[in-house]
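**Student:** Please read through the structure below; I'll follow up with questions.
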Amino acid sequence: MNKLTLRQTLIPLITIAIICFLWFGPIRISYIENVIISILIIIANYIEYKGKPFSALGFQREKFTFKNIFVLAPLVALGLFVFYVFALVPGITKLTGVPIDYSSFDQLKGNLPACLIALLIVWASAGFGEEIIFRGYFMRQFVKFFGESKVSIVLNIVLLACFFGFMHSYQGITGQLVAGTVGALLALIFYLRKYDLWFIVAVHGFFDTIALICIYFGLV
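First residue of the sequence shown? That's 8 in my numbering, and the numbers climb one at a time after it.
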């Protein structure tokens with residue numbers, strides 16, 4: 008375990024406790040939940056890292072390039088989506104015997120205004136929100152506390168993937184396993200990209216964009 012100051016220990020513990028209260032407490036704030044939590048994390052990082060909250064999450068200015076964000080990230084997202092549709096979902100569905108529950112997206116089929124609103128929500132709540140929370144904060148904090156040994160990185164990815172899958176319980180057991188696997192792949196990409204959060208936000212956002220297009224046309 009790395010040697011940490013009291014501030015570096017207490018601030019993330021308090022922040023994670025507040026996040027858990029927002030997720031599992033009596034107050035439900037629906038679609039803006041992850042946005043609020045992301046703002047909380049930025050404030051916590053501002054205090055912990057003395058005014059440098061974004062770089063601590065992995066928002067690296069030098070890696071925010073047209074090629075990375077608008078060429079490589081969409082290609083990775085497309086490849087991940089093809090794997091998702093033709094291998095991951097069928098494989099896990101066969102394993103569980105339960106089809107993935109997409110019923111919460113039924114209202115989006117053929118509904119362009121709803122899809123456009125959903126597109127804004129998924130980029131804010133999932134693309135930025137989930138990636139700031141799970142990869143930028145949870146994963147980076149795990150590294151801060153437990154280092155980057157091979158065992159630590161594997162545990163980091165696996166444990167957070169399990170939690171990421173658990174948070175998608177509205178999609179049923181198959182959806183949870185699928186989401187957990189996708190979360191693990193996103194975490195692996197984040198690690199291999201040297202914690203480039205801009206890239207992983209773009210991958211997640213474009214992945215969800217492709218999914219929304221398919222939902223709109225009734226392809227899933």
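C-beta atoms are modelled at their ideal positions from N, C-alpha and C, and glycine is treated no differently.
Every value quoted in this text rests on a predicted model; they were computed, and no experiment measured them.
(1) Nearest-angstrom Cα distance between GLY117 and ILE124?
(2) Under a three-way DSSP split, which group does PRO81 fall into?
(3) So, is GLU69 buried or exposed, given that buried needs 16 or more other C-beta atoms within 10 angstroms?
(4) Using alpha carbons as the reference points, say which of ILE207, SER159, TYR223 and ALA51 lies closest to GLU137.
(5) For PRO60, which residues from the same chain have a beta carbon less than 6 angstroms from its beta carbon, with the 5 sequence-adjacent residues on both sides left out?
(6) Helix, strand or coil: how does DSSP classify MET146 here?
(7) Would you kindly report the start and end of the unbroken alpha helix (DSSP H) that includes THR103?
(8) Mind reading off the beta-carbon distance from LEU64 to ILE139? Whole number of angstroms is fine, and I expect it under 8 angstroms.
(9) Taking contact to mean at least 3 C-beta pairs separated by less than 8 angstroms, is the segment 77-92 in contact with the segment 164-182?
(10) Do the segment 148-167 and the segment 86-103 make contact, defined as three or more Cβ pairs closer than 8 angstroms?
(11) Quick one: what does DSSP say LEU11 is sitting in, helix, strand or coil?
(12) Tell me whether the beta-carbon of THR181 lies closer than 9 angstroms to the beta-carbon of VAL96.
(13) Restricting to Cα atoms, I'd like to know which of LEU13, LEU115 and MET146 is closest to TYR198.
(14) For LEU87 versus ARG142, is the C-beta spacing smaller than 9 angstroms?
(15) Could you give the DSSP three-state label for ASN118: helix, strand or coil?
**Tutor:** Working from what's here:
(1) Within the sequence shown, residue 117 is the residue found at index 110, counting from 1. Within the sequence shown, residue 124 is the residue found at index 117, counting from 1. Spanning the two alpha carbons is a distance of roughly 13 angstroms.
(2) Indexing the sequence shown from 1 puts residue 81 at position 74. Helix, per DSSP.
(3) Numbered from its first residue, the sequence shown carries residue 69 at position 62. So GLU69 counts as exposed.
(4) In the sequence shown, the residue the question calls residue 137 occupies position 130. GLU137 has its Cα closest to that of ILE207, out of ILE207, SER159, TYR223 and ALA51.
(5) One-based indexing of the sequence shown puts residue 60 at position 53. Only ILE49, ASN52 and TYR53 meet the Cβ criterion.
(6) Translated into the one-based positions of the sequence shown, residue 146 becomes position 139. DSSP places MET146 in helix when its eight states are reduced to three.
(7) Looking up residue 103 in the sequence shown gives position 96. Element bounds for THR103: 96-103.
(8) Taking the first residue of the sequence shown as 1, we reach residue 64 at position 57. Taking the first residue of the sequence shown as 1, we reach residue 139 at position 132. Contact flag correct, Cβ pair sits at about 6 angstroms.
(9) no
(10) no
(11) Working through the sequence shown from its first residue, we reach residue 11 at position 4. Three-state result, LEU11: coil.
(12) Locating residue 181 in the sequence shown gives position 174, counting from the first residue. Locating residue 96 in the sequence shown gives position 89, counting from the first residue. Their beta carbons are under 9 angstroms apart, which means THR181 touches VAL96 by this criterion.
(13) Counting from one through the sequence shown, the residue named residue 198 turns up at place 191. Comparing Cα positions, the closest option is MET146.
(14) Here residue 87 corresponds to residue number 80 of the sequence shown, with the count starting at 1. Here residue 142 corresponds to residue number 135 of the sequence shown, with the count starting at 1. Cβ atoms of LEU87 and ARG142: not closer than 9 angstroms.
(15) The residue you call residue 118 lines up with position 111 of the sequence shown. Looking at ASN118 - three-state DSSP - the assignment turns out to be coil, as it is neither helix nor strand.
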